[in-house]
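Each residue of the sequence shown is one higher than the one before, counting from 7 in our numbering. Positions of the beta carbon are idealized from the N, C-alpha and C atoms, including for glycine. Note that the structure is predicted; figures quoted are calculated from it, not measured. Following: one structure in structure tokens, then a few remarks.
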Amino acid sequence: MREPNLKQDIEVLLTQIEQTSATSSLLDLSQEDRSDLLKQSATYADAFISSLATTNGFAQKAVRGLAIGKEPISLEAALQLYQKEVVENGINAASPKHLGYIPGGGVFTAALADFLVAVTNPFSSAYYASPGAATIENEVINWIKSVFGFPESAVGALSSGGSISTIIALTAARDKHQIKNERIPNSVVYLSDQVHHSTQKALRIIGLEDVQIRHVPMDSEHRMQAEALNTLVELDKAAGLQPFLIVATAGTTDTGAIDPLNEIADIAAAQSLWFHVDAAYGGFFILTAKKALFAGIQRADSLIVDPHKGLFLPYGVGAVLVKDRNAVLHSHYYTANYMQDGQNEELLKSPANLSPELTKHFRGLRVWLPLQLHGIAPFQACLEEKLLLLQYFRARLLEQGFCVGPEPDLSVSYFWYPFSNDVDEKNKQLMEEIHQDGAVFLSSSIINNRFVIRIAILAFRTRKETIDEAMEMVCRCLTRVS
Ligand SMILES: *Cc1c(COP(=O)(O)O)cnc(C)c1O
């Protein structure tokens with residue numbers, strides 16, 4: 007064994023450290039480099055936003071050149087790639103001309119919040135690690151509770167979106183009703199055909215693939231029929247099954263319909279069912295003149311809503327509210343069963359105890375900052391405007407001889423052209439022409455066995471001019487269908 011020569015060892019180490027740090031320090035940019043990159047990014051963002059009025063809503067092409075190579079490239083080169091391969095390809099979700107699926111957002115002040123969050127990187131999941139960041143997350147949840155008339159005692163979490171929010175909510179329902187082991191096949195969930203597929207997906211993910219699912223009949227406006235729900239529950243109970251969960255939707259993806267929440271809440275209460283409301287798309291329209299349609303939403307046991315839809319924020323923020331905190335803690339706080347209520351007050355301040363996530367994006371700031379900087383009024387006005395724009399679009403379509411779906415509850419509707427023959431086939435052709443054209447993006451659906459073209463207005467930049475452009479495009483495309 008060689009004699010230890012600490013002095014020499016340290017010297018060697020110091021040389022090695024010096025050698026590696028020359029490269030490792032490249033990650034910590036100088037003030038000059040930072041300011042240069044920021045400038046380039048700001049210039050890029052400005053050009054992107056300015057171009058939105060004139061660029062198309064949709065394009066489709068092969069993607070090239072995005073593999074990560076060994077050598078670094080400049081930000082300029084990266085931005086060029088990004089522009090060509092990402093921004094100019096697919097659905098332009100920040101565009102006013104995204105009128106398909108559920109349109110996206112991208113409020114600028116939320117982008118600033120994300121930037122600041124990434125630079126400062128607070129650990130928002132644990133109250134002790136960043137009491138301020140955790141409090142911002144909690145204040146956002148408190149604000150959402152107040153919007154939906156949920157009691158202060160309800161808990162909630164910010165998630166990446168509606169799908170993860172649904173998992174949290176339905177897990178709470180499962181745990182509250184102790185749906186496990188041999189009880190699973192006899193347990194019954196009620197939903198309508200218009201429910202978003204993230205609900206069935208969540209049931210599978212949380213181990214409830216084998217529950218029985220009842221599809222409650224809907225009325226002609228695609229709303230769940232409350233009486234039919236009650237009958238189904240009664241029949242199932244009489245057959246010895248265990249109804250435990252009803253999933254209602256406040257703003258369906260296909261047609262924007264709002265289920266009769268108050269009537270469903272009555273049934274849920276009388277039959278001891280967990281009442282979950284999916285308000286991912288429609289929820290924030292409660293801030294508009296449509297408020298009355300949401301009556302009863304405050305009676306839900308759990309609710310999900312997506313700020314990245316109805317608050318026009320960039321993708322990546324959903325919210326879930328649950329009244330029974332112990333049901334949520336059961337899965338998400340490991341030792342919740344041994345905690346007394348008093349101590350729960352403290353642990354409820356840490357978002358990690360109410361969601362599957364531990365280390366996570368501090369997404370509270372991208373909700374908090376825009377609400378603080380703009381106030382609520384512009385968000386409300388934007389939602390009202392989308393409702394009016396849909397009415398305007400429908401009137402213009404009728405004027406041109408199109409057929410439209412029933413009077414919409416919110417900002418989603420559909421239309422088709424009454425061709426004299428092969429109506430479905432020709433409307434499909436019309437849809438293809440519209441996608442080929444790309445000026446404005448619309449999507450399609452099958453509603454009442456009919457192929458229809460959907461309009462969904464929720465992009466905050468969509469204005470009257472956008473609808474005029476959409477009308478022009480639809481008429482242009484119609485002439486191309488033979
Ligand atoms: C978008 C949507 C979801 C899913 O939410 P994501 O944020 O996409 O995960 C669930 N339900 C409804 C009604 C939706 O519109």
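Quiz prompt | First through last residue of the alpha helix (DSSP H) which encompasses Leu58 | solution = Unbroken run through Leu58: none, as it is neither H nor E.
Practice problem: Spell out the partners DSSP gives Thr255 in its beta bridges. | Solution: In the DSSP output, where bridge partners are listed per residue, Thr255 has Asp284.
Quiz item: How about Asp260: is its Cβ closer than 7 angstroms to a heavy atom in ligand 1?
Solution: No - ligand 1 has no heavy atom lying nearer than 7 angstroms to the Cβ of Asp260.
Quiz item: Relative to ligand 1, is the shortest distance from any of its heavy atoms to the C-beta of Ile461 smaller than 7 angstroms?
Solution: Checking the Cβ of Ile461 against ligand 1 gives no.
Quiz item: So is Phe291 buried or exposed if we call it buried at 16+ other beta carbons inside 10 Å?
Solution: By the neighbour-count rule (16 or more Cβ atoms within 10 Å), Phe291 is buried.
Quiz prompt | Contacting residues, own chain, Cβ-Cβ under 7 angstroms from Ile540 (five flanking each side not counted) | solution = With the chain covering 7 to 488 only, the question about residue 540 has no answer from this structure.
Quiz item: Are the Cβ atoms of Asp284 and Thr237 separated by less than 8 angstroms?
Solution: A distance of 8 angstroms or more separates the beta carbons of Asp284 and Thr237.
Quiz prompt | Within 8 angstroms, strictly: CB atoms of Ala358 and Gly162 | solution = For Ala358 and Gly162, no; Cβs fall outside 8 angstroms.
Exercise. Look up Met224 in the DSSP assignment and give the residues it is bridged to.
Key: Per DSSP, the beta-bridge partners of Met224 are Met230.
Self-check item: Pro191 to Ile97 span [Cα, whole Å]
Solution: Between Pro191 and Ile97, the alpha-carbon positions lie close to 41 angstroms from each other.
Exercise. Going by DSSP, name the residue or residues bridged to Gly164.
Key: Residue identity differs from the one stated: residue 164 is Leu in this sequence, not Gly. Paired residue(s): Ala325.
Practice problem: Under 8 angstroms by Cβ, that's how I've got Val323 and Gly289 pegged, so tell me the actual separation to the nearest angstrom. | Solution: The C-beta distance from Val323 to Gly289 rounds to 13 angstroms, too long to fall under 8 angstroms, and the pair is not in contact.
Self-check item: Any 3 or more C-beta pairs closer than 8 angstroms across the segment 173-180 and the segment 204-214
Solution: They touch, by the three-pair rule.
Quiz item: At what residue ranges does the segment 96-144 contain a whole run of the alpha helix (DSSP H), taking only runs of 4 or more?
Solution: Listed in chain order, they are 114-126.
Practice problem: Please determine, among Gln435, Leu327 and Gly168, the residue with the shortest C-alpha to C-alpha distance to Ser159. | Solution: Nearest C-alpha to Ser159: Leu327.
Quiz item: At which residues does the beta strand (DSSP E) containing Val311 begin and terminate?
Solution: Counting along the chain, Val311 sits inside the beta strand (DSSP E) bounded by residues Ser308 to Val311.
Quiz item: Between which two residues does the alpha helix (DSSP H) harbouring Arg210 extend?
Solution: Run containing Arg210: His203 to Ile211, per the alpha helix (DSSP H) assignment.
Practice problem: Consider the C-beta atom of Ala179 and the heavy atoms of ligand 1; say whether any pair is separated by less than 7 angstroms. | Solution: At a threshold of 7 angstroms, Ala179 does not count as near ligand 1, since its beta carbon sits no closer than that to any of the ligand's heavy atoms.
Quiz item: Which partner residues does Gln218 have in the DSSP bridge list?
Solution: As a beta-bridge residue in DSSP terms, Gln218 pairs with Val194.
Quiz item: For Pro493, which residues of its own chain have a beta-carbon under 6 angstroms away from its beta-carbon, when the five flanking residues on both sides are left out?
Solution: The structure shown does not extend to residue 493, since the chain is modelled only from 7 to 488, so the question has no answer here.
Quiz item: Counting along the chain, where does the alpha helix (DSSP H) carrying Val373 start and finish?
Solution: For Val373, the enclosing alpha helix (DSSP H) starts and ends at Leu371 to His380.
Practice problem: Spatial neighbours of Leu46 within its chain, please: CB distance less than 6 angstroms, with the 5 preceding and 5 following residues excluded, ordered by chain position. | Solution: Per the sequence presented here, residue 46 reads as Gln, with Leu not at that position. So the list reads Leu81, once near-sequence residues are dropped.
Quiz item: What are the start and end residues of the alpha helix (DSSP H) that includes Ala462?
Solution: Premise fails: Ala462 lies in the beta strand (DSSP E), Arg456 to Ala462, not in any alpha helix (DSSP H).
Quiz item: Near Thr294, which residues of its chain fall below 6 angstroms by C-beta distance, leaving aside the five closest residues on each side in sequence?
Solution: Take Thr294, set aside five residues on each side of it, and the residues of its chain with a beta-carbon closer than 6 angstroms to its own are Leu389 and Glu390, in chain order.
Quiz item: Of the residues Leu360, Val153, Glu91 and Thr485, which one's Cα is nearest the Cα of Val69?
Solution: With distances taken between Cα atoms, Val69 lies closest to Glu91.
Self-check item: Meets three-Cβ-pair contact criterion under 8 angstroms: the segment 402-418 and the segment 443-451
Solution: No contact exists between the segment 402-418 and the segment 443-451.
Quiz prompt | Bounding residues of the alpha helix (DSSP H) (the contiguous stretch that carries Val92) | solution = First-last for Val92: undefined, no H or E at that position.
Practice problem: Using the Cα positions of Ala234 and Val334, report the straight-line distance between them to the nearest angstrom. | Solution: Using only the alpha carbons, I get a separation of about 30 angstroms.
Quiz item: Taking 7 angstroms as the line, does the beta carbon of Asp265 fall inside it for any heavy atom of ligand 1?
Solution: No, the beta carbon of Asp265 sits no closer than 7 angstroms to any heavy atom of ligand 1.
Self-check item: Host beta strand (DSSP E) of Ser450 (start-end)
Solution: Counting along the chain, the beta strand (DSSP E) containing Ser450 begins and ends at Ser449 to Ile453.
Exercise. Please indicate yes or no: does the CB of Asp199 lie closer than 7 angstroms to some heavy atom of ligand 1?
Key: The answer is no for Asp199.
Quiz item: With 16 as the cutoff for other CB atoms within 10 Å, does Asn187 come out buried or exposed?
Solution: By the neighbour-count definition (other C-beta atoms within 10 Å, threshold 16), Asn187 is an exposed residue.
Quiz item: Just how far apart, CA to CA, sit Ser426 and Thr61?
Solution: Ser426 and Thr61: Cα-Cα distance of roughly 35 angstroms.
Quiz item: Contact check, Leu164 vs Arg369 under 8 angstroms by CB: the rounded distance?
Solution: Confirmed, Cβ separation roughly 5 angstroms.
Quiz item: By Cβ distance, which residues of its chain are closer than 8 angstroms to Asn268, with the 5 residues on each side in sequence left out?
Solution: So the qualifying residues of the chain are Ala301, Gly302 and Arg305.
Self-check item: Proximal residues to Asp430 (C-beta, below 8 angstroms), its chain only, five neighbours per side dropped
Solution: Result list for Asp430: Arg456 and Phe457, in chain order.
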